[in-house]
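Comments concern the structure below.
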Amino acid sequence: KYSSAEFLYLFGKELSSLGIKSIVAKAYENKVPVFCPAIVDSGYGIAYLLNRKYDRDFDITIDQMRDFEQLTEIKARAENSGVIYIGGGVPKDFIQLTTVSVSLTESRRGEHAHPHKYAIQITTDSPQWGGLSGCTFEEAISWGKEAKEGRNVQCYCDATIALPIIVHALAERIDKRRKIPDLSWLFDGLE
Numbered sequence: 279k280y281s282s283a284e285f286l287y288l289f290g291k292e293l294s295s296l297g298i299k300s301i302v303a304k305a306y307e308n309k310v311p312v313f314c315p316a317i318v319d320s321g322y323g324i325a326y327l328l329n330r331k332y333d334r335d336f337d338i339t340i341d342q343m344r345d346f347e348q349l350t351e352i353k354a355r356a357e358n359s360g361v362i363y364i365g366g367g368v369p370k371d372f373i374q375l376t377t378v379s380v381s382l383t384e385s386r387r388g389e390h391a392h393p394h395k396y397a398i399q400i401t402t403d404s405p406q407w408g409g410l411s412g413c414t415f416e417e418a419i420s421w422g423k424e425a426k427e428g429r430n431v432q433c434y435c436d437a438t439i440a441l442p443i444i445v446h447a448l449a450e451r452i453d454k455r456r457k458i459p460d461l462s463w464l465f466d467g468l469e
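For the sequence shown, counting from 1, position 154 maps to 432 in this note's numbering; every step adds exactly one.
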């Protein structure tokens with residue numbers, strides 16, 4: 279039984295040991311957790327079914343509640359946090375709900391104690407349809423998910439266009455991140 283971050287950490291370890299370059303291999307090498315709250319809705323779900331078809335004893339359980347607990351713990355330990363929403367749906371709401379959960383579990387009066395201070399949203403969805411993918415930062419602020427005084431940027435564009443441009447621009451302007459949080463505690467006992 280693994281959280282998606284633990285599963286992807288171990289998968290990254292395997293890929294790294296084989297010299298295969300990938301996002302999860304780099305994440306493993308740098309002890310960066312990769313959460314995937316909709317992991318079945320990907321190639322991993324198909325790979326699981328294929329392995330089960332040929333080996334009935336093959337079994338991996340991805341515990342989404344453990345995912346949420348771990349992500350909420352990261353949020354609780356962080357003095358400040360920022361998020362990048364690429365698209366929306368389950369992954370977006372998953373990360374947004376960590377702020378509400380930390381507020382409810384750590385606050386005596388239920389006030390919004392830990393909203394994200396920075397947020398970027400890249401989406402092709404619009405708010406008028408009423409779905410979470412296109413909802414504005416005002417909606418997130420009303421729930422205490424984002425800080426009222428937060429630094430937020432909304433980008434209506436396809437992520438395959440916007441994200442490479444943003445990453446390239448950041449790489450040109452920023453030499454090295456000043457303070458990298460140590461999240462290695464998340465993987466204690468896995469190796």
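Beta carbons are placed, not taken as given, at the ideal position from N, Cα and C, and that holds for glycine. On a predicted model such as this, the values are computed, not experimentally measured, just so you know.
For N308, which residues does DSSP report across the bridge?
Looking at the DSSP output, N308 sits in no beta bridge, so it has no partner there.
Which ranges would you report for the alpha helix (DSSP H) in the stretch 368 to 443 if only whole runs of at least 4 residues count?
Within the stretch 368 to 443, the complete alpha helix (DSSP H) runs of at least 4 residues are 415 to 420.
Is the Cβ of L410 closer than 8 Å to any Cβ of chain B?
Absent here is chain B; the protein component of the structure consists of one chain.
Three-state secondary structure (DSSP) at V302?
Here V302 carries a helix assignment [DSSP, helix/strand/coil].
By Cβ distance, which residues of its chain are closer than 7 Å to Q374, with the 5 residues on each side in sequence left out?
Cβ within range, chain order: A418 and K423.
I think Q342 touches L464, with their Cβ atoms under 8 Å apart; what is that distance to the nearest whole Å?
Not a contact, Cβ separation roughly 16 Å.
Indicate the three-state DSSP secondary structure (helix, strand or coil) for I324 in the structure shown.
In this structure, I324 counts as helix in the three-state DSSP scheme.
Just to check my reading of the structure: G428 and K395 have Cβ atoms closer than 8 Å, yes? What is that Cβ distance to the nearest angstrom?
5 Å between Cβ atoms; contact.
Reduced DSSP category for I317 - H, G, I as helix; E, B as strand; rest coil
I317 falls in the coil class under three-state DSSP.
Report all residues from its chain with a CB closer than 6 Å to the CB of R330; omit the five preceding and five following residues, and keep chain order.
F336, listed in sequence order.
Does the distance from the C-beta atom of L461 to that of V310 stay below 8 Å?
The criterion of a C-beta distance shorter than 8 Å is satisfied by L461 and V310.
Among A425, G323, I400 and F289, whose alpha-carbon lies nearest the alpha-carbon of N358?
Ranking the options by Cα distance to N358, first place goes to A425.
8 Å Cβ cutoff met for I338 and I317:
Not closer than 8 Å, so no.
Taking only three categories from DSSP, how would you classify G366?
Looking at G366 - three-state DSSP - the assignment turns out to be coil, as it is neither helix nor strand.
Helix, strand or coil, according to DSSP, for I340 in the structure here?
For I340, the secondary structure class from DSSP, reduced to helix, strand or coil, is strand.
Buried or exposed for D345, going by 16 or more other Cβ atoms inside 10 Å?
Classification of D345: buried, given that the 10 Å Cβ count is 16 or more.
Among the candidates I324, L327 and G366, whose CA atom is the shortest distance from the CA of G408?
It is G366 whose Cα lies nearest to the Cα of G408.
Would you call the CB atoms of L448 and E284 closer than 8 Å?
Result no, Cβ atoms of L448 and E284 do not sit closer than 8 Å.
Pick from D403, A437 and H392: whose alpha carbon is nearest that of E351?
Restricting attention to D403, A437 and H392, the CA atom closest to the CA of E351 is found in H392.
Quick one: Cα of D333 to Cα of K370, how far?
Distance between the alpha carbons of D333 and K370: 34 Å.
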